[in-house]
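Peer 1: Protein chains in written order, with my numbering: chain A, 1 to 394; chain B, 1001 to 1394. Encoded as structure tokens, here's the structure I'll be asking about.
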């Protein structure tokens, strides 16, 4: 049994943010009925990498879900959606703010027919405020939240996080909000609306950068790979490439001095405590540490630092990470048998519930793969379904 | 009423990852009893920015929580912890793997006295696998997950995300896992163990970079601020600084060509569709777009692109984001009256539940502020509490 079995989610989301939300819930057993436009489908069906004329992007993100094609612009399409929503636990959407209301499918309409519904929305800026109705992509949220100005190197421009964290983090917040609302509903019987925004999300994860401004009066900048508050805590060159390490305590610092064959540095007034080490990090301390690390290979450093209990890491490419025994042991790269792509390897389930483990049991659905099954369940006859199909409503 | 009222969480976490998890749950009404070492407390109590000899880091992260000081190394300390766990819904911890078992407070012990408990752990690498027992900091997970090699500019080294996303994202996953386990428990009466790891978490958010390797056979690299699959979708220089924009469709591209006064570009074979625009992005398309954006101010571009419905963003410093009317309208910067720091502004609640809104009602607790209150509730007398205090057990 999985934790969320019995929960039914009508999923109108597409692209990355909303589908990442419902991926988490699907992995743990919720039934996700993905509504896609007839003949077109989720826009991510065209996103790379493409193989056999099919999207591996769509494939990794939509595992464990069902797909029904439905044109929400038609009155019969709306009717089918509302019938689905009548029995559902959750409706999810990531249209531009106001679109669901324009379609006549807003929260007010759905709660009339199902007061227990949890109606969950993602947008770029949130459903209220002066920018609510503007379109946004991930990069807009990364820029506007302040995140880009505190990522990267001081002598480089503001820097975007590689993967679209504005999308996936907001999707994760939506999943968390949905679970909170469902928990509350179990106790009270009451559904509700919730919304999350990409800019709010990224602003909420800026760590102490916000109080650095509001309390200390400083505008945080870019520190490259170094931590501004702990030293040495950075990326360093080894003989054969780059590694990272973090020396978080005086005890670790003493061990590092010994490993480096420089016990004198532990007595050095420039490095007496973490404060002093931060003040004298550039160029002194960084040079002292790197003049040691440059003499050792990554593997030699790994052995030495692991033995001393000093947090150490290789900087892996995505390929190296995917193949690593630790990620393998955690089942973070799993195989799914996709009907078009064949056996492909995709990310596994990161939230490990030990008694009710999540898993990937089904590949992503073909467009409209479950339309007939679901409409039959709802009481439509095969003739009616054929008729709807012929008119491009499903 | 808040969504999670009535949930009691015994919170052994410290630093950033675990406390970020319980911050979300506290904001939505769960009672968080933070267990801190007598006289020392959470290690983040020493983290900057510091004002009035007190940590603004601790203050923003631990709002809405209660603090009890307790030495888990003593037999009476363990006894008090187990009594608390007997009635609690959740135990949270982010010690090094194996520490709770060594203390005699592992899941097996706690579930004996409370089979309904949800026992939730965060670690660097996960509780199983060859690296399980190694220490980790955020930068280690950013390096080992592959994230650093796909963030930053191609001619720069691998780049860490500024804020510690390895910590806060893993904390958010833990919160989501806890809510899934609590939902399941409401239906079945059964608690369970769960764990999340920092490396798993960051690997799970690499978007299509994983299938780019496993399906397309390419090892993803760094693309700076440009999206490798959509163009133009990047940061560009304006007359007075840098902006971002994303042109996601041919319709938007046509509008941009008109805004640029270059309708010829829409017919240009190099830019006929998104595929062609991606292939000819560097240097041709980027130069063509930037030779226009350089002639306009950020404000002029904002007006032009907003009118055309093309996603546009300013690149804000943390200060500019914090003061922005959109984030203000969303209550993402709120004031809390801290007993030591006075009135300070901190990040608000990003998950907006409309009927049961989360909020910040209490500042972060002083070390052990609620020890007496909670021990009295548990049935200890004032004399017993004084005795425990004198012996540094609480």
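Ideal Cβ placement from N, Cα and C applies to all residues, glycine included.
Residues in the same chain with beta-carbon distance under 6 Å from residue 1226 of chain B, minus the five sequence neighbours each way, listed in chain order, please.
Peer 2: These residues qualify, in order along the chain: 1234.
Peer 1: Kindly confirm or deny that the stretch 1085-1095 of chain B and the stretch 1002-1014 of chain B touch, where touching means at least three C-beta pairs closer than 8 Å.
Peer 2: yes
Peer 1: Identify which residue in B:1390, B:1357, B:1050 and B:1203 has its Cα closest to the Cα of residue 1001 of chain B.
Peer 2: B:1357
Peer 1: Leaving out the 5 sequence neighbours to the left and right, which residues in its chain are closer than 6 Å to residue 281 of chain A when beta-carbon positions are compared?
Peer 2: 231
Peer 1: Is DSSP giving residue 1334 of chain B helix, strand or coil here?
Peer 2: Here DSSP, grouped into helix, strand and coil, assigns residue 1334 of chain B to strand.
Peer 1: For the alpha helix (DSSP H) that residue 291 of chain A lies in, which residues bound it at each end?
Peer 2: 286-293
Peer 1: I need the DSSP call for residue 296 of chain A, collapsed to helix, strand or coil.
Peer 2: Coil, per DSSP.
Peer 1: For a test of the three-state rule: what should DSSP assign to residue 1125 of chain B, helix, strand or coil?
Peer 2: coil
Peer 1: So, under 8 Å CB-CB, residue 1017 of chain B and residue 1167 of chain B are touching, yes? Tell me the CB distance rounded to an integer number of Å.
Peer 2: 4 Å
Peer 1: Grab the span of the alpha helix (DSSP H) containing residue 1069 of chain B for me, first residue to last.
Peer 2: No alpha helix (DSSP H) contains residue 1069 of chain B, which is instead part of the beta strand (DSSP E) from 1066-1069.
Peer 1: What residue does the alpha helix (DSSP H) around residue 1242 of chain B start on, and which one ends it?
Peer 2: Secondary structure note for residue 1242 of chain B: it is in no alpha helix (DSSP H), and the uninterrupted beta strand (DSSP E) holding it is 1241-1246.
Peer 1: Any Cβ of chain B within less than 9 Å of the Cβ of residue 140 of chain A?
Peer 2: yes
Peer 1: Can you find a CB in chain B that lies within less than 9 Å of the CB of residue 227 of chain A?
Peer 2: yes
Peer 1: State the CB to CB distance for the pair residue 1327 of chain B and residue 1321 of chain B, rounded to an integer number of angstroms; the pair is presumed to be in contact (CB under 8 Å).
Peer 2: 6 Å
Peer 1: I want to verify the contact list: residues of chain B whose CB lies under 8 Å from the CB of residue 47 of chain A, in sequence order.
Peer 2: Those are 1208 and 1229, listed as they occur along chain B.
Peer 1: In whole angstroms, what separates the C-alpha of residue 379 of chain A from that of residue 1349 of chain B?
Peer 2: 43 Å
Peer 1: Let me know the secondary structure DSSP gives residue 1192 of chain B once reduced to three states.
Peer 2: strand
Peer 1: If you measure beta-carbon to beta-carbon, which residues of the stretch 1288-1313 of chain B are closer than 8 Å to chain A?
Peer 2: 1306, 1309, 1310, 1311, 1312 and 1313
Peer 1: Can you round the beta-carbon distance between residue 1205 of chain B and residue 199 of chain A to whole angstroms, since I take them to be within the 8 Å contact cut?
Peer 2: Incorrect: roughly 18 Å between the Cβ atoms, too far for contact.
Peer 1: Taking only beta carbons into account, state which residues of the stretch 64-84 of chain A come closer than 7 Å to chain B, listed in chain order.
Peer 2: none
Peer 1: Over the uninterrupted alpha helix (DSSP H) stretch that includes residue 87 of chain A, give me the two end residues.
Peer 2: 75-87
Peer 1: Cβ of residue 1203 of chain B within 9 Å of Cβ of residue 347 of chain A?
Peer 2: yes
Peer 1: Identify every run of the beta strand (DSSP E) within the stretch 1185-1240 of chain B, keeping only runs that are complete inside it and at least 3 residues long; order them along the chain.
Peer 2: Listed in chain order, they are 1192-1197 and 1233-1238.
Peer 1: Are the C-beta of residue 326 of chain A and some C-beta of chain B separated by less than 9 Å?
Peer 2: yes
Peer 1: What distance in whole Å lies between the Cβ atoms of residue 9 of chain A and residue 30 of chain A, which are believed to be in contact at a cut-off of 8 Å?
Peer 2: 5 Å
Peer 1: Would you say residue 1100 of chain B faces chain A, with C-beta separation under 9 Å as the test?
Peer 2: no
Peer 1: Residues in the same chain with beta-carbon distance under 6 Å from residue 1359 of chain B, minus the five sequence neighbours each way, listed in chain order, please.
Peer 2: none
Peer 1: Select from the stretch 1158-1177 of chain B all residues with a C-beta closer than 9 Å to any C-beta belonging to chain A, and list them in chain order.
Peer 2: 1158, 1159, 1160, 1161, 1162, 1163, 1164, 1165, 1167, 1168, 1169, 1170, 1172, 1173, 1174, 1175, 1176 and 1177
Peer 1: Using 9 Å as the limit for Cβ to Cβ distance, is residue 315 of chain A near chain B?
Peer 2: True, the Cβ-Cβ gap to chain B drops below 9 Å.
Peer 1: Suppose the cutoff is 7 Å on Cβ atoms and the five residues either side in sequence are ignored; what does the same chain contact list for residue 74 of chain A look like?
Peer 2: 393
Peer 1: With a Cβ-Cβ cutoff of 9 Å, do residue 213 of chain A and residue 1311 of chain B count as a contact?
Peer 2: no
Peer 1: On the DSSP letters alone, give me the boundaries of the alpha helix (DSSP H) that residue 1020 of chain B sits inside.
Peer 2: 1017-1027
Peer 1: Closer than 9 Å, CB to CB, is residue 1136 of chain B near chain A or not?
Peer 2: Closer than 9 Å: yes.
Peer 1: Mind checking residue 237 of chain A: buried by the 16 CB within 10 Å criterion, or exposed?
Peer 2: exposed
Peer 1: Is it buried or exposed, residue 1170 of chain B, if we count other Cβ atoms within 10 angstroms and call 16 or more buried?
Peer 2: Counting Cβ neighbours within 10 Å, residue 1170 of chain B comes out buried, since at least 16 surround it.
Peer 1: Using the Cα positions of residue 28 of chain A and residue 353 of chain A, report the straight-line distance between them to the nearest angstrom.
Peer 2: Near 9 Å, if we compare the C-alpha coordinates of residue 353 of chain A and residue 28 of chain A.
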